[in-house]
Amino acid sequence: MSKKLFIETLGCAMNSRDSEHMIAELREKEGYETVDDFTQADLILINTCSVREKPVHKLFSELGTFNKKKKSSAKIGVCGCTASHLGKEIIEKAPYVNFVLGARNVSKISEILHKNKAVEIDINYDDSEFAFKDFRSSPFKAFINISMGCDKSCTFCIVPKTRGEEVSIPDSIIIAEAQRVVDNGVKEIFLLGQNVNNYGRRFTGEHEKVNFTELLRRLSDIDGLQRIRFTSPHPFHMDDEFIEEFSRNPKICKSMHMPLQSGSTKILKDMKRGYSKEWFLNRVEKLRSMCPDATISTDIIVAFPGESDDDFLETVDVMKRVKFDQIFSFKYSSRPETEAQHFTNVVDSDVASQRLTYLQSLNNEIIDEKHSKLLGNIYRIYFEDLHRDGHIAGRSDNNIVVKVKGSEELLGEYRDVKITAIGRTILTGEIIA
Ligand code: SAH
Ligand code: F3S
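Under the numbering used here, the residues of the sequence shown are numbered 28 to 460, in order.
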């Protein structure tokens, strides 16, 4: 009988891909199959996130629950970004944890499993050319890593300390992986990196010069591949060549994530983001002029140390001008090993909450207004998500989520859908062709 693996994944898409990699390695090399109930599992893995403080607290309470209710012989492993930054502290605090495996060390999962109380957290460990076994949680869409780590030093961000220096994966490996998934019926790929449009900055071995724009061109030559998405690009690296390729290339989905963080040039400087409010708006303008149908999503941090009311109003100003299609907004959370943790001009937490609430309600107004104009529009939807209530949902090229009445025969299919009802996060439609 096969051994049972329970894995919980927190955080970003890259963590989801790391979990897929670990599942693949454990299936092929160790004979594990995944289960949804941890009390049945022989191995429990938590793939953690440490970008904000909250999930770190949650980790220790969850570990306690796992330990109390798990099978007595089951092992527990803590993986991912919190593993990288807390390391052996995790085993000191929760001595029943069997091993700790950092975000940059996932290729070692089947090794570490057999070592008790081992800690592998080298943030510069290089598995950019490691031949992972294959496993994908969706037969319709495939995540593909194109780089690991991040070379930026945004002062609020812990990621460079948990995922290490940026290394690009050779383009031949990426293209071969894309070809393989397309041969298996996948029509849409999702390229992942902390800073995708810095691709090609550094490879491990000898490699011809290839930047992200060129990588996109090469991938779009794959027959049968219909859609390419990616996250996250960095506004600093959005040069004209990149925006032009994005706009012109029909396989590249017309939805761009542009993490603003703040609309105040002063705060952007303190964050070491490398661009100003004007540059950001200029890039939005360039994108909108070349590609009017593109949707734009963003990340915003409120109440970064030193953010005055006027600084916050600059963010509000960018929100009103750009009218983002989706925002992910967060209260600043001080993180260890970052520069900003030493900044003293901390914003009062009530003010932070008010700013976040204001931003989110402004965003809701913007979205409601934008969506009300979509009624009657027709979108080509790629169906990938079956709901239990007789609906099936998918996305348009420009990332609008639409559900229609339908069942599983639509999974993995494209249809033209006319919008018949509006919602904030999901629209309703009917298939017309
Ligand atoms: N390069 C990655 C960034 C990963 S972190 C990307 O663009 O996806 C994802 C988001 O979390 C960031 O864009 C930022 O908005 C938010 N974030 C990062 N550190 C944070 C902190 N200390 N406090 C609050 N939000 C933070
Ligand atoms: Fe973090 Fe900035 Fe890199 S947000 S992941 S240091 S681009």
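All C-beta atoms in this analysis are idealised placements derived from N, C-alpha and C, irrespective of residue type, glycine included.
- Identify every residue that forms a DSSP beta bridge with E457. K445
- Tell me whether the beta-carbon of V186 lies closer than 8 Å to the beta-carbon of V78. yes
- Query: Should I405 be labelled buried (16 or more other beta-carbon atoms within 10 Å of its own) or exposed?
  - Reply: exposed
- Segments of 3+ residues assigned as beta strand (DSSP E) that fall wholly inside the region 111-194: 126-129, 145-147 and 168-172
- Query: From G433 to A121, what does the alpha carbon distance come to, in whole angstroms?
  - Reply: 47 Å
- Message: One question on the structure: do I201 and L242 come within less than 8 Å of each other, judged by their Cβ atoms?
- Response: yes
- Would you decide whether I323 is buried or exposed? Buried here means 16 or more other CB atoms lie within 10 Å of its CB. buried
- Ordered list of alpha helix (DSSP H) runs contained in the region 32-118, each at least 4 residues: 40-57, 81-96 and 108-113
- Task: Would you grab the beta carbon distance between L454 and A460 for me? Rounded to a whole angstrom, and I think it's under 8 Å.
- Result: Incorrect: roughly 18 Å between the Cβ atoms, too far for contact.
- Task: Quickly, what does DSSP pair I427 with across the bridge? List them, please.
- Result: DSSP lists no partner for I427.
- Query: Helix, strand or coil: how does DSSP classify T258 here?
  - Reply: strand
- Message: Could you check whether H261 and N211 sit closer than 8 Å to each other, using their CB atoms as the reference points?
- Response: no
- Which full runs of the beta strand (DSSP E) of 3+ residues lie inside the region 196-228, going along the chain? 215-219
- Do you know whose CA, among K95, S137, A145 and G129, lies nearest I118's CA? A145
- Query: Heavy atom of ligand 1 less than 7 Å from the Cβ of T258, yes or no?
  - Reply: yes
- Query: When you compare only the Cα positions, how much space is there between V237 and Q206?
  - Reply: 19 Å
- Query: If you check the beta carbons only, do F331 and Y302 fall under 8 Å apart?
  - Reply: no
- Query: Does the Cβ of V78 lie closer than 7 Å to at least one heavy atom of ligand 1?
  - Reply: yes
- Delimiting residues of the alpha helix (DSSP H) encompassing K347: D336 to V349
- Looking at the structure shown, is A367 part of a helix, part of a strand, or coil, going by DSSP? helix
- Helix, strand or coil for Q288 per DSSP? strand
- Item | Cβ separation of N94 and Y123, assumed to be a contact under 8 Å, to the nearest whole Å | 5 Å
- Item | Minimum C-alpha distance to F157 - residue among K142, V194, P277 and A169 | V194
- Distance between I294 and R163 (C-alpha atoms, nearest Å): 40 Å
- Query: Quick one: what's K358 bridged to in DSSP?
  - Reply: V329
- Message: Can you check which of these residues, A169, K214, R228 and F183, is closest to D198 by C-alpha distance?
- Response: R228
- Item | Touching by the beta-carbon criterion (3+ pairs, under 8 Å), the region 367-385 and the region 401-421 | no
- Measure how close the beta-carbons of G290 and K304 come, nearest whole angstrom, since I'm counting them as under 8 Å. 5 Å
- Message: Residues in the same chain with beta-carbon distance under 6 Å from G38, minus the five sequence neighbours each way, listed in chain order, please.
- Response: C76
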